[in-house]
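Participant: Protein chains in written order, with the working numbering: chain U, 31 to 456; chain C, 31 to 456; chain S, 31 to 456; chain F, 31 to 456. Okay, handing you the structure first.
The structure is reproduced here in C-alpha cells:
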C-alpha cells in the first residue's frame with residue numbers, strides 16, 4: 031500500500047487535501063475499518079461511534095444485512111449507475127417504500143430522486159414549492175441548516191456559513207424557531223408578520239424547517255409549535271417542507287420525525303440514512319397534487335445510485351415491525367436520564383439538555399463553548415467519537431447508531447462522562 | 031421479487047416516481063444488469079451503451095478491476111462512510127491522484143471533496159472564487175450547463191432550466207461561447223466588455239466554462255479561444271474555473287480536457303467519471319494559493335464515499351500509461367469519420383458534426399429537432415442507447431465508454447446509421 | 031384658458047393622465063388657489079386643508095414671507111437651476127441651516143443635496159451607509175414607508191407597494207416596529223436576532239426608521255424604543271438612519287422628530303417641508319466621519335433647485351425662536367383631546383388615537399376601513415381635506431399646517447366630527 | 031447677506047456641504063444670476079453656458095416668457111404644491127401637451143407624473159414594464175446612464191456609478207449599444223442572445239435606451255440600429271422604453287429624439303427640460319394599453335410641482351411652429367463643422383467628433399482624458415462652461431441652450447478653441 035512507503039496517511043492528507051477539511055482535524059487519525067457502532071483506525075484503536083456519519087449511519091457501519099445485498103448486487107453486475115432510467119432496484123425500492131413506510135402511515139407522496147445529497151433534495155424542494163405557488167419568498171427559521179449549495183445557504187441561519195456564499199442570500203426570510211425567542215411566542219410573532227399586510231414580509235411559497243435542528247444546536251421543536259406552523263401554512267396557502275435529512279429515518283424514534291406531531295408536510299426531504307449503508311442517496315417526497323415537474327426539470331447524474339438503492343430497500347425492512355422504534359425509544363430514555371444526571375452532577379458546565387430520541391445534546395452555555403470542544407476532544411482520546419453542534423459549537427451532540435446495544439451505549443456514555451469530569455476538573 | 035407479483039417495474043415507477051423522471055421515458059424499459067459497454071433489461075434485451083451514464087462511465091459499466099477492489103473493500107468492512115475524516119482509502123486516492131495525474135502534468139492543486147455530485151463541486155468553486163477575489167459577479171457562457179442547484183443554475187444558459195429556479199438568477203453574466211457568435215469574435219467581444227469601464231459588466235470573480243459543452247450541444251471550444259480566455263483572466267486578475275465534470279477524466283482523449291490547449295485553470299471541477307465505477311464522487315482542484323477555506327466552510331455529508339474513492343483510485347491506473355489515451359484518440363477518428371460520412375450521405379438531415387474525442391454529435395439543425403429525438407428513439411429500439419443534446423435537443427450525442435472495443439463501436443455506429451436511415455426515409 | 035373651451039379640467043385629467051393618479055380620485059375637483067391652511071377649487075369652494083401636501087406644507091400654502099423671497103429671486107434673475115454648482119442661495123441656506131438648526135442642537139452634519147424628493151434622500155442614505163460599513167443588509171421596520179424607487183421599496187413594509195417593484199426586494203430585513211408586536215418587546219426580539227450568530231439575519235449596514243410612521247398608520251415610536259434602537263446600533267456598529275421626511279421640520283413639535291428621544295442618528299433624511307413652500311427639495315445629513323463620498327458618486331439634475339432653496343432658508347427663520355414649537359405643542363393637545371373625545375363619543379368606530387404633534391390619527395380598527403375612507407370622503411364634501419393612512423387605510427390622518435390658527439383648527443375639527451357623526455349614523 | 035460677514039460662499043460650501051459635491055469643484059466659483067445662455071458669478075464675471083443645466087435648460091436660464099407665467103402664478107397664489115390632485119395648471123399642461131406634442135405626431139400616450147427627477151421617471155418605467163409583462167429582466171445598454179436610485183443604477187453602464195450601489199445590481203443585462211462593438215454588429219449580437227434559448231439571457235420585460243448617450247460619451251445611435259431594436263422588441267413582445275430625459279425636448283432638433291428614426295416606443299421618460307425653466311418635473315409617457323397601474327401604485331410627494339408645470343406649458347409653445355427645430359438644426363451644423371475643423375486642426379488630440387443636434391462632443395481618445403478635463407477647466411477660466419462626458423471623462427461635451435443666438439454660439443466656440451489651443455500647446 032502506498033501509504034506505508036514514505037508518508038503516512040495523515041501526512042498525505044495534510045499535504046494534498048484542501049484546507050477545507052475539518053473532521054480530520056477534530057479526529058486526527060486515519061480510519062480503516064468499521065462495523066455497526068464501532069470504528070477502528072490504522073493503529074487498531076477502537077472507537078465507539080456516537081456520531082454515526084452525522085446521522086447517515088442510523089443502522090450502524092457496514093450493516094451486515096445490507097452488506098450482503100450490496101455484495102450480491104455488485105457480484106451479479108446489477109446495473110450500478112443508471113441516472114433515472116428504470117431499474118429493478120429502483121422499482122423495488124419504490125414499491126417497498128410505499129408498502130412499508132407510506133401506506134401504513136396513510137401518506138401519499140410521489141418520490142423524486144435528486145442528486146444524492148441532502149442539499150440537493152432541499153434545492154429540489156425549494157424549486158417545486160416556488161413553481162407550485164408562483165411565489166419567490168421562502169420562510170426558514172433561526173439556527174436552521176439545510177446544506178451548502180446556494181439555495182440551501184439562503185435558508186441557513188448560521189452567519190459564518192451564510193457568509194461563505196460570497197453573495198447576498200435573497201428571497202428568503204428567517205423567522206424565530208420554536209425555541210429561539212426567550213420572552214415571546216414564536217408562532218404569534220410569525221402570525222403577525224403574515225397577517226399584517228404592512229409587515230414587509232412577502233407571502234412565501236413555503237416554510238422549511240427541521241423538527242430537531244441537528245447542526246443548529248439540537249433544538250427540538252415542540253409538537254404544538256409544529257402544529258401551529260402547519261396551521262399557518264394552511265391558512266395562508268403556503269407549502270410546508272420538512273427537512274428530515276438528519277432527523278428522519280428513525281433518528282427521533284419514528285420513521286419520520288414529524289409523525290408524533292400529527293402533521294402532514296407537503297414536501298419531505300430525506301437523505302443521510304435513507305441509503306442505509308451510508309452510500310449517497312436522497313429522495314424528495316412530494317404530495318401528488320404538487321408534483322407538477324416537467325420531465326427532467328430538476329435532475330442529477332448520480333440520482334440512480336443503485337447500490338445505495340439496494341441497501342435502502344433492505345434498510346426499510348427495519349420498519350416492517352415496531353421493534354426498532356421501541357428499542358430507540360427505550361434507549362433514548364437511557365440517554366436522556368444520563369444527560370440530565372450529568373447536568374446535575376457537573377454544575378460547572380452550567381449546562382442544559384436538549385433534543386429528543388437519538389438526537390440529544392448537552393448545551394454548555396454561551397461563551398463556554400470551549401467546554402464542548404474540549405469534552406469531544408477528550409472523549410475522542412478515550413475512544414468515543416462525538417461532535418459539537420450549535421452556532422458557537424456549544425453543544426455536545428449524541429448521534430449514535432439506532433442499532434447500538436444497550437451495553438455499548440452505556441459504556442460509551444460512561445466514557446463521555448469521564449471525559450466531562452476530566453475537562454471540568456482541569 | 032416484489033416486481034413480479036402484481037405490477038411490473040415500469041408500472042411501479044409510473045405510479046410512484048415523480049413526474050420529473052425523464053430517462054425512463056426516453057428509454058422505456060427496466061434495466062437489470064450491465065457490463066462494460068453493454069446493458070440488459072429485465073427481458074434480457076441487450077443494448078450497446080453510447081451514453082455511458084451521461085459521461086460517468088468512461089471505463090464502462092461495472093468495470094471488472096474496480097469491481098474487485100470494491101468487493102474486497104466491502105467484504106473487509108473497510109469504513110464506508112467517513113465524511114472528511116482521514117481514511118486509508120482517501121489517503122491512497124490523494125497520493126495516487128498526485129502521482130499519476132498532477133505531478134506528470136506539472137500541476138499543483140489542492141484536492142477538495144465537496145458533496146458527491148457535479149453541481150456540488152461547481153458550487154464550491156464559485157464560493158472559493160468569490161472568497162478569494164472579494165467579488166460577486168461570475169462570467170459564464172452561452173449554452174453552459176453546470177448543474178441544478180441555485181448557484182449552478184445561475185450560470186446555466188438554457189432558459190427552461192433557468193426558469194426552473196423560480197427566482198431571478200443573479201450575480202452572473204452570460205458571455206458568448208467560442209462557437210456562439212455567427213459573425214464576430216467572441217474573445218474580442220468579451221474583451222471590450224471587460225476593458226470599457228462603462229460596459230455595465232461588473233468585474234467578475236471568475237469565469238467558468240466547459241471546454242466541450244456536453245448538454246449545450248456538444249460545442250467544442252477551439253484551443254485558441256481557451257487560451258484567449260485564460261489571457262483575459264490573467265490580465266484582469268479573474269480566476270479561471272474549468273468545469274471538467276463531463277469532458278474530463280479522459281473523455282476528450284486526455285485526462286483533463288484542457289491539456290491540449292496548454293492552459294492552467296485556477297480551479298477544476300471533476301465528478302462523473304472521477305469515481306470510475308459510476309459511484310457518486312466529486313472533487314474540486316484548487317491552486318494552493320487560492321485554497322483559503324476555513325475548515326468546514328463548505329462541506330457535505332457524503333464527501334467521504336469510500337467505495338467510490340477506492341474505485342476512483344483504481345480508475346487512475348488507466349492513466350499510468352498512455353494506452354487508453356491513444357486508444358481513445360484512435361477510436362475518436364473512427365467516430366468522426368463515420369459522422370462526417372453520415373452527414374454527407376443524409377443531406378435531408380442538413381446536419382453538421384460537432385465535438386471532439388468521445389464527445390461527438392450530429393447536429394440536425396434548428397427546427398429539425400424531431401430528427402434527433404426520432405433517431406435516438408429508433409436507435410433505442412434497435413439496441414443502442416443514445417441521447418440528444420442542445421438547447422432544442424437538436425444534436426444526436428455520442429458519449430460511449432472510452433474502453434469500448436472497436437468492433438462494438440463500429441457495430442453500434444452501424445445501428446445508429448440504420449436508425450438514421452429509417453427515420454430519414456419515413 | 032384652454033380648460034373652458036370644450037372640456038373641463040377633470041375631463042382632461044381623466045382622459046389624459048395615467049391611471050396611476052390617486053388624489054384626483056379621492057378629492058374629485060380641480061384646485062386653483064391656495065393660501066396658508068386654505069385651498070379653493072375652480073368653483074370657488076373653500077377647503078380647510080388638514081393634509082398639507084402630505085406634510086410638505088408645514089408652513090401653509092404659499093406662505094407670504096417665502097413668497098416674497100421667491101418673487102424677488104425670480105424677478106432679479108437669480109440663478110434658478112444650478113445642479114450642485116456654488117450659488118449664493120445655496121451658501122446662504124447652508125450657513126443658516128448650520129446657525130439655526132444644527133449648532134443650537136449641538137449637531138454636526140454635512141449636508142448633501144440629492145435629487146429633490148424624499149425617496150432620493152433615502153436612496154442616498156442607503157448608499158452611503160453601505161459604503162461606510164462595507165455591508166449590504168439594511169434593517170427596516172414593519173409598516174415603514176420610505177418611497178417608490180427600488181432601494182426605498184426594498185425597505186417598505188406595505189405588501190402592495192412592495193409588489194409594485196416587480197422584482198424581489200433584496201438585501202433588507204423587516205423587523206418589528208415598536209408598536210407592532212402585540213405580546214412582546216420589539217427591542218428584545220431584535221436584540222436576539224443580532225446577538226445570535228445563528229439567527230439568519232446578516233449584520234446590517236444600517237437601520238432606517240421613521241419616528242412616527244406617516245403612511246404606515248401614524249404609529250408613533252416610544253422614546254424608549256428609539257433609545258433602545260440607538261443602543262443596539264452602537265453596540266453592533268450599525269449606522270442609524272432617521273427618515274424624517276414626513277415627521278421632521280417641526281411636524282411633531284420639534285425641528286427634528288427625534289430630538290425629545292435624545293438620540294443622535296448617523297444620517298438624517300429630510301424632504302417635504304424642508305423646502306418650506308412646497309417646492310421640491312431634499313437634503314441628507316451625514317455625520318462628518320461618514321461623509322466619505324467620492325465627488326459626484328451620487329447626484330441628480332435638480333439638486334440645485336434654487337427657488338426651493340431660497341424658500342427653505344426663509345422657512346428656517348421660523349426656528350430662530352421657539353414660538354412655532356410652542357404653538358404646535360399647544361395645538362397638538364387640542365387635537366389630541368378632541369380625538370380622544372371622538373373615540374369616546376363614537377364607540378361604533380371601535381377606534382383608538384395615534385401619533386404625536388401634528389401627526390395624529392384615529393384608527394378605526396381592522397376590517398372597518400370603510401369608516402376611515404367614508405369619513406374622509408364626507409369631510410371633503412363638507413370642506414375639509416384629509417386622507418387615510420395605514421396598511422388598509424384604516425386611520426383618519428390629521429396632517430394640517432403647523433401655522434394654522436386655533437380657530438381654524440377647531441373649525442376644521444368640528445367639521446371632521448360632523449363627518450364622523452354622519453358616517454356613523456348611516 | 032450672511033455671506034459677506036466672515037466667510038465667503040465657497041468657504042461655507044466647502045465647510046458644510048457633503049464631499050459628494052462635484053460641479054462646485056469643476057467650476058470653482060459662486061454663481062448669482064443667469065439669463066438665457068449667460069451666467070454671472072458673485073464677482074460679476076460672465077460665462078457663456080454650454081452646459082445648460084446638464085440639458086435642463088434647453089430654453090435658456092430664466093426664460094423671460096416662462097418667468098412671466100411663473101411670476102403671475104405665484105403672485106396670484108395659484109396652488110403651488112398639489113401632489114396629484116387636479117389643478118388648473120395640470121389640466122392645462124395635459125391638454126397642451128396633447129395638442130402641441132402628441133396629436134401632431136400621431137402619438138397616443140397617457141401621461142404619468144412621478145417624483146420630479148429623471149431617475150424617478152425611469153424607475154416608474156421599469157415598474158410598469160415589469161407589471162405589464164410579468165417578467166423581471168430588463169435589457170439596458172453599454173455606457174447607459176439613467177440615474178442614481180437603485181433601479182436606475184441597475185441599468186447603468188458606468189462601473190464606478192454601479193459600485194456606488196453597495197449591493198449587486200440584479201435583474202438586468204447590459205447589451206452592446208450601437209456604437210460599442212468595434213468589429214461586429216450590435217443588433218446581430220443581441221438577436222442571437224434573444225433567439226438562442228440557451229443563451230443564458232432571460233427574456234426581458236423591456237429594453238431601455240437613450241438615443242444619444244449624454245453621460246456615456248455623447249454616443250449617438252444610428253436610426254438603423256434604433257429601428258432594429260424596435261423590431262426585436264416587437265418580435266419578442268418586449269416593451270421599448272426610450273429614456274429621453276437628456277436627449278428629448280428638442281435637444282437633438284426634434285421634440286422627441288427618436289422622431290427621425292420613425293420608431294414608436296411603448297414608454298418614454300422625460301424630465302430635465304420638460305419643466306422649461308429648470309424647475310423639477312418629470313413625466314412618463316405610457317401607451318394606453320400598458321397603462322395598467324393601480325391608483326397610487328407609484329407616487330411621489332412633489333409630483334404636483336405646479337410652478338414647474340406652468341412653465342412647462344409655456345415651454346410647449348416653442349413647439350407650435352417649427353421655428354425652434356429649424357434653428358436648432360441650423361446651429362447644429364455650425365457646431366458640427368467647427369468640431370470637425372478642430373479635430374483636423376489639432377491632431378495632437380487624436381480626437382473624433384460625436385453626437386447630433388445640440389448634443390455634440392469631441393472625444394479625445396482613451397488614456398488622453400486629461401485633455402478633455404484640462405480643456406474644460408481652461409474654457410471655464412476663459413468664460414465658457416462645459417463639462418466632460420464618457421466613462422473616463424474623455425469627451426468635451428457641448429450642451430448649450432437651444433435658444434442661443436448664432437453670434438454667442440460662435441463666440442463660445444471660439445473661446446473653446448482658444449482653450450484647446452492653449453491646452454495642446456502646453
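C-beta atoms are modelled at their ideal positions from N, C-alpha and C, and glycine is treated no differently. Bear in mind that the values here come from a model prediction, so they are computed numbers and not experimental data.
Quick one: give me the first and last residue of the beta strand (DSSP E) that residue 167 of chain S is part of.
Facilitator: It spans 167-171 - the beta strand (DSSP E) in which residue 167 of chain S sits, taken as one unbroken run.
Participant: Could you tell me whether any Cβ in chain S is nearer than 8 Å to the Cβ of residue 192 of chain U?
Facilitator: Output row for residue 192 of chain U: interface = yes.
Participant: Look at the alpha carbon of residue 52 of chain S and the alpha carbon of residue 403 of chain S, and state the distance between them as a whole number of angstroms.
Facilitator: Roughly 13 Å separates the two Cα atoms.
Participant: Mind checking who residue 156 of chain C pairs with in its DSSP beta bridge?
Facilitator: Partner(s): none; residue 156 of chain C has no beta bridge.
Participant: Report the three-state DSSP secondary structure of residue 115 of chain U (helix, strand or coil).
Facilitator: The answer is coil: DSSP assigns residue 115 of chain U none of H, G, I, E or B.
Participant: In chain order, what residues of the same chain lie with their CB nearer than 7 Å to the CB of residue 313 of chain C, ignoring the 5 residues before and after it?
Facilitator: So the qualifying residues of the chain are 141, 142, 143, 151, 300, 304.
Participant: If you scan the region 324-406 of chain U from start to end, which runs of the alpha helix (DSSP H) of 4 or more residues do you find wholly inside it?
Facilitator: Qualifying alpha helix (DSSP H) stretches, in chain order: 336-345, 353-375.
Participant: Any idea if residue 135 of chain S is buried or exposed, counting beta-carbon neighbours within 10 angstroms, 16 or more meaning buried?
Facilitator: So residue 135 of chain S counts as exposed.
Participant: Residue 424 of chain S versus chain F: which residues are under 8 Å apart at the beta carbon?
Facilitator: The premise fails here: residue 424 of chain S is roughly 16 Å from chain F at the closest Cβ pair, so nothing lies under 8 Å.
Participant: Quick check on this structure: which residue in U/258, U/253, U/107, U/233 has the alpha carbon closest to the alpha carbon of residue 166 of chain U?
Facilitator: Comparing Cα-Cα distances from residue 166 of chain U to each of U/258, U/253, U/107, U/233, the minimum goes to U/233.
Participant: Over the uninterrupted alpha helix (DSSP H) stretch that includes residue 418 of chain S, give me the two end residues.
Facilitator: Taken as a continuous stretch (DSSP letters only), residue 418 of chain S belongs to no alpha helix (DSSP H), being part of the beta strand (DSSP E) at 417-419.
Participant: When the cut-off is 8 Å and only beta carbons count, does residue 229 of chain S lie next to chain U?
Facilitator: It does: the Cβ of residue 229 of chain S has a partner Cβ on chain U nearer than 8 Å.
Participant: Which residues in chain C sit within 8 Å of residue 200 of chain F, going by Cβ to Cβ distance?
Facilitator: Simply 198, 200, 201.
Participant: Which residues, taken in chain order from the region 234-263 of chain C, show a beta carbon closer than 8 Å to some beta carbon of chain U?
Facilitator: If the cut-off is 8 Å between Cβ atoms, the region 234-263 of chain C has 235 near chain U.
Participant: Just to confirm my understanding: we take residue 90 of chain U, look at its own chain, exclude 5 residues before and 5 after, and list those with CB closer than 6 Å. What are they?
Facilitator: Within the same chain, residue 90 of chain U has close Cβ partners 66, 67, 431, 433.
Participant: Run through chain S and tell me which residues come within less than 9 Å of residue 347 of chain F, C-beta to C-beta.
Facilitator: In chain order: nothing, as chain S lies at least about 12 Å away.
Participant: Please classify residue 333 of chain U as buried or exposed, where buried requires at least 16 other C-beta atoms within 10 Å of its C-beta.
Facilitator: Buried, because 16 or more other Cβ atoms sit within 10 Å of the Cβ of residue 333 of chain U.
Participant: Where residue 32 of chain S and residue 122 of chain F are concerned, what is the direct C-alpha to C-alpha distance, given to the nearest angstrom?
Facilitator: In this prediction, residue 32 of chain S has a pLDDT of 47, which is less than 50 and means its spatial position is unreliable; what the coordinates show is noted afterwards. Spanning the two alpha carbons is a distance of roughly 6 Å.
Participant: Which partner residues of residue 299 of chain F appear in the DSSP bridge assignment?
Facilitator: Answer is F/273, F/314, bridged to residue 299 of chain F.
Participant: List, in order along the chain, the chain F residues whose C-beta lies closer than 8 Å to that of residue 390 of chain C?
Facilitator: What residue 390 of chain C touches in chain F: nothing, since even the nearest Cβ is about 19 Å away.
Participant: If you follow the beta strand (DSSP E) that residue 425 of chain C is in, where does it begin and where does it stop?
Facilitator: It spans 425-428 - the beta strand (DSSP E) in which residue 425 of chain C sits, taken as one unbroken run.
Participant: Taking a contact to mean a Cβ-Cβ separation below 8 Å, would you say residue 384 of chain S touches residue 425 of chain S in this structure?
Facilitator: Cβ atoms of residue 384 of chain S and residue 425 of chain S: closer than 8 Å.
Participant: Rounded to whole angstroms, what is the Cα-Cα separation between residue 341 of chain C and residue 216 of chain C?
Facilitator: So the two alpha carbons sit approximately 40 Å from each other.
Participant: Would residue 33 of chain C pass as an interface residue toward chain U - the criterion being a Cβ-Cβ separation below 8 Å?
Facilitator: Caution is warranted here: a pLDDT of 49 is assigned to residue 33 of chain C, below 50, making its placement in the model unreliable, and the coordinate value is therefore given only provisionally. Yes - at least one Cβ of chain U is within 8 Å of the one on residue 33 of chain C.
Participant: Tell me the residue span of the alpha helix (DSSP H) that contains residue 97 of chain F.
Facilitator: Start and end: 94-105.
Participant: Indicate whether at least one CB of chain U lies closer than 8 Å to the CB of residue 166 of chain C.
Facilitator: True, the Cβ-Cβ gap to chain U drops below 8 Å.
Participant: Do residue 248 of chain C and residue 389 of chain C have their beta-carbon atoms positioned less than 8 Å apart in this structure?
Facilitator: Result yes, Cβ atoms of residue 389 of chain C and residue 248 of chain C sit closer than 8 Å.
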